[in-house]
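Student:
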Amino acid sequence: MINSAGDAVDPSTLLGEVALDVSILGEDGDPRSLATLGADTLNDAVELDTEGLEPGKQTLRMRLNVTTADAVLNSGESVSGTELTPQVVDVPLVIEPPLGYPSLDGMVDFGAAEGPPALSATLKVKGPGCLWLVPNSAVVEASPVEVTQASISSANSTPDSCFSVSDGLDAELPLLLTSDDAGNGALQGTFDVSMMPLEGGETQTLPVRFTAELSKDLNPTSFWLTLVIAALFGPGIPILLAYLLKFLLASKIPPGGLLAVSMDVEVHDGSVLRDGRRLAWRAEDAREFKSVTGGGTRRLEVGGAVLVARMGASPFGSGYVLVEAGDRIGVSKHKPMPHGRRRQALLPLALTGQWVALFTPGDRQHVELLVLTAPGARPEARDALLEDAERRVPALIDELVEDAGDTDTPGNATAAAAGDPFGLDGGSAGWTPSASPRLTEIKRATSDRPSKQSPPMAPPPQASDDQSGSWDPFAN
Numbered sequence: 453m454i455n456s457a458g459d460a461v462d463p464s465t466l467l468g469e470v471a472l473d474v475s476i477l478g479e480d481g482d483p484r485s486l487a488t489l490g491a492d493t494l495n496d497a498v499e500l501d502t503e504g505l506e507p508g509k510q511t512l513r514m515r516l517n518v519t520t521a522d523a524v525l526n527s528g529e530s531v532s533g534t535e536l537t538p539q540v541v542d543v544p545l546v547i548e549p550p551l552g553y554p555s556l557d558g559m560v561d562f563g564a565a566e567g568p569p570a571l572s573a574t575l576k577v578k579g580p581g582c583l584w585l586v587p588n589s590a591v592v593e594a595s596p597v598e599v600t601q602a603s604i605s606s607a608n609s610t611p612d613s614c615f616s617v618s619d620g621l622d623a624e625l626p627l628l629l630t631s632d633d634a635g636n637g638a639l640q641g642t643f644d645v646s647m648m649p650l651e652g653g654e655t656q657t658l659p660v661r662f663t664a665e666l667s668k669d670l671n672p673t674s675f676w677l678t679l680v681i682a683a684l685f686g687p688g689i690p691i692l693l694a695y696l697l698k699f700l701l702a703s704k705i706p707p708g709g710l711l712a713v714s715m716d717v718e719v720h721d722g723s724v725l726r727d728g729r730r731l732a733w734r735a736e737d738a739r740e741f742k743s744v745t746g747g748g749t750r751r752l753e754v755g756g757a758v759l760v761a762r763m764g765a766s767p768f769g770s771g772y773v774l775v776e777a778g779d780r781i782g783v784s785k786h787k788p789m790p791h792g793r794r795r796q797a798l799l800p801l802a803l804t805g806q807w808v809a810l811f812t813p814g815d816r817q818h819v820e821l822l823v824l825t826a827p828g829a830r831p832e833a834r835d836a837l838l839e840d841a842e843r844r845v846p847a848l849i850d851e852l853v854e855d856a857g858d859t860d861t862p863g864n865a866t867a868a869a870a871g872d873p874f875g876l877d878g879g880s881a882g883w884t885p886s887a888s889p890r891l892t893e894i895k896r897a898t899s900d901r902p903s904k905q906s907p908p909m910a911p912p913p914q915a916s917d918d919q920s921g922s923w924d925p926f927a928n
């Protein structure tokens with residue numbers, strides 16, 4: 453234990469009451485108590501009993517509770533001590549499988565699909581050992597409303613067809629995700645994998661998380677109707693009709709329930725804090741319910757921002773949603789870089805499973821974080837969405853604040869004015885990639901082209917598989 457100056461402190465010299473609770477959290481978020489240490493035993497070693505813990509990523513949580521000593525006033529009256537705010541430290545911990553069993557990656561990302569998905573991916577494995585997919589073990593935890601089922605299959609799905617990996621080698625187990633349904637949004641869940649040593653032995657079964665991004669394909673009725681009209685009346689009228697059909701069918705926020713929570717946060721030293729504490733859900737967040745009725749809406753107020761549906765300049769594909777927040781810059785999970793000259797956040801029409809961060813350059817004390825999720829989403833999915841924002845928002849704000857130093861130069865203003873004629877990726881006068889190391893190579897490759905193009909968008913980071921787990925304020 454150390455004080456604010458960094459000097460070591462003997463716990464036995466502390467006045468008042470001191471208690472350190474040590475527990476371990478699995479991916480389900482349920483704590484398992486290991487020990488409770490007092491002031492006289494605070495420096496004692498704690499033995500970690502891994503019996504009953506599943507191999508994979510866990511979290512070691514240490515919670516320090518301090519109550520100051522009672523005080524005596526000059527009048528002789530005794531004043532009870534003050535219970536200070538508990539200090540919580542989480543340490544990532546990996547539980548390795550028993551000797552002779554393979555090590556598995558805890559997450560499989562199947563990528564994106566348009567229409568009913570048929571996506572291939574691989575599960576990373578490190579030997580030694582033999583493993584196979586447990587048939588019909590996929591469990592969907594969060595999905596678009598239209599998607600009611602999904603299945604994961606593999607050629608290695610029985611002990612006789614197990615996937616063998618030699619000692620010390622890395623391999624990938626091929627998997628296939630399929631569903632008869634299509635929708636707009638994230639598909640998340642788990643599937644089971646069984647494994648055993650190469651020489652045979654007891655079988656162990658572990659859950660593995662998976663994720664995929666789904667979107668509906670082009671409406672066949674709209675497509676064929678447009679094609680027939682094009683053949684009959686020429687190219688001009690069909691294009692106008694395509695715009696009309698898109699305006700009517702694919703440029704509104706779809707109807708349904710939405711949990712839209714506005715959080716006032718602070719970004720400091722790579723962390724996102726809510727009222728000085730780690731970013732987390734609160735019980736009152738469950739009251740931030742929005743209902744979109746009828747055939748959908750083109751405007752939706754959330755916190756200090758307005759979500760406005762746009763159809764875009766192209767007559768094809770789906771529209772999108774811009775987050776209007778005055779002069780503030782916006783970034784989102786869907787599009788990590790700001791959109792357009794007003795540097796607004798951009799979202800898909802299907803708002804569930806998304807977050808938006810709104811900030812003013814130079815003022816990180818007042819950042820508004822909008823978290824959009826389905827009211828019926830599982831606690832694990834809501835926690836994963838909040839952890840994704842906590843991990844990515846500080847880096848995005850750092851990059852944009854750094855780039856903002858060059859935005860007032862004449863060259864940047866001219867380049868930003870060119871824009872993308874389809875209105876999706878161009879004309880971002882509020883930022884420039886020149887100061888970003890990640891975008892330097894792209895800028896050099898395009899600097900000799902005769903026409904000016906919009907700044908390239910940075911790809912979003914890969915989703916983390918770290919599910920630290922937390923209390924669910926939405927549970928009944």
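Heads up: the sequence shown runs through residues 453 to 928, numbered per my numbering. The C-beta atom is built at its ideal place from N, Cα and C for all residues, glycine as well.
Since GLN806 sits in a beta bridge, which residues does DSSP pair it with?
Tutor: GLN806 is bridged by DSSP to LEU824.
Student: For ILE476 and LEU489, which I take to be in contact (beta-carbon distance under 8 angstroms), what is that distance rounded to the nearest angstrom?
Tutor: With a Cβ gap of about 15 angstroms, ILE476 and LEU489 do not count as contacting.
Student: Please classify PHE562 as buried or exposed, where buried requires at least 16 neighbouring CB atoms within 10 angstroms.
Tutor: buried
Student: At the level of alpha carbons, what is the spacing between SER595 and GLN640?
Tutor: 6 angstroms
Student: Taking the continuous beta strand (DSSP E) assigned at CYS582, which residues delimit it?
Tutor: Element bounds for CYS582: 581–585.
Student: Given that a residue counts as buried once 16 or more other Cβ atoms are within 10 Å of its Cβ, and exposed if not, what is TRP584?
Tutor: buried
Student: From LEU848 to GLN806, what distance separates their C-alpha atoms?
Tutor: LEU848 and GLN806: Cα-Cα distance of roughly 16 angstroms.
Student: Determine the contact status of VAL470 and ALA491, defining contact as a CB-CB distance below 8 angstroms.
Tutor: yes
Student: Taking only runs that begin and end inside the stretch 574–651, name each unbroken beta strand (DSSP E) of 3 or more residues, in chain order.
Tutor: 581–585, 591–594, 603–605, 615–617, 622–630 and 637–648
Student: Give the DSSP-derived three-state secondary structure of GLY875 in the structure shown.
Tutor: Because the pLDDT of GLY875 is 41, which lies under 50, any placement of that residue in the model is unreliable, and the number read from its coordinates should be weighed accordingly. Coil.
Student: When the Cα atoms are used, what is the spatial distance from THR825 to ILE547?
Tutor: Spanning the alpha carbons of THR825 and ILE547 requires a straight line of approximately 31 angstroms.
Student: CB LEU774 to CB ARG793, shorter than 8 angstroms?
Tutor: no
Student: Is it buried or exposed, GLU535, if we count other Cβ atoms within 10 angstroms and call 16 or more buried?
Tutor: exposed
Student: Looking at the strands, I want to know which residues DSSP matches up with GLU535.
Tutor: GLU535 pairs with THR519.
Student: Go through its chain and collect everything with a Cβ distance to LEU628's Cβ below 6 angstroms, but skip five positions before and after it.
Tutor: SER572 and SER605
Student: Report the partner residues of TYR772 according to the DSSP bridge assignment.
Tutor: ARG762
Student: Taking C-beta to C-beta, are GLY637 and THR804 nearer than 8 angstroms?
Tutor: yes
Student: Ordered along the chain, which non-local residues of its own chain (more than five positions away) have a Cβ less than 6 angstroms from that of GLY635?
Tutor: PRO596, GLU598, VAL599 and LEU666
Student: If you measure between the beta carbons of LEU711 and PRO827, is that distance less than 8 angstroms?
Tutor: yes
Student: Below 8 angstroms on the Cβ atoms is my contact criterion, and I expect GLY755 with GLU842 to pass it. Report the Cβ-Cβ distance as a whole number of Å.
Tutor: GLY755 to GLU842, Cβ: 18 angstroms. No contact.
Student: When the Cα atoms are used, what is the spatial distance from ASP644 to PRO659?
Tutor: 4 angstroms
Student: Please check the pair PRO846 and SER714, which I expect to be a contact at CB under 8 angstroms, by giving their CB distance rounded to whole angstroms.
Tutor: The pair is not a contact, with the Cβ atoms about 19 angstroms apart (cut-off 8 angstroms).
Student: Classify GLY771: buried if its beta carbon has 16 or more other beta carbons within 10 angstroms, exposed otherwise.
Tutor: With 16 or more Cβ atoms within 10 Å of its Cβ, GLY771 is classed as buried.
Student: Determine the direct distance from the alpha carbon of VAL577 to that of GLU654, and round the result to whole angstroms.
Tutor: Cα to Cα, the separation comes out at about 19 angstroms.
Student: Let me know if ASP835 comes out buried or exposed under the rule of 16 or more other beta-carbons within 10 Å of its beta-carbon.
Tutor: With a 10 Å radius around the Cβ and a threshold of 16 neighbouring Cβ atoms, ASP835 comes out buried.
Student: Relative to the ligand PLP, is the shortest distance from any of its heavy atoms to the C-beta of LYS578 smaller than 7 angstroms?
Tutor: For the structure depicted, the ligand PLP is absent and the ligand set is empty, with no information on it obtainable.
Student: For a test of the three-state rule: what should DSSP assign to GLU654, helix, strand or coil?
Tutor: GLU654 carries a coil assignment under DSSP once its states are collapsed to helix, strand and coil.
Student: How long is the line joining the alpha carbons of LYS785 and PHE675, rounded to whole angstroms?
Tutor: Between the C-alpha atoms of LYS785 and PHE675 there is a straight-line separation of about 30 angstroms.
Student: Please state the DSSP three-state secondary structure of VAL498.
Tutor: Three-state result, VAL498: coil.
Student: With distances taken Cα to Cα, identify the nearest neighbour of LEU500 among GLY508, LEU494, THR493 and LEU512.
Tutor: LEU512
Student: According to DSSP, simplified to helix, strand and coil, what is LYS785?
Tutor: Reduced to three states, the DSSP call for LYS785 is coil.
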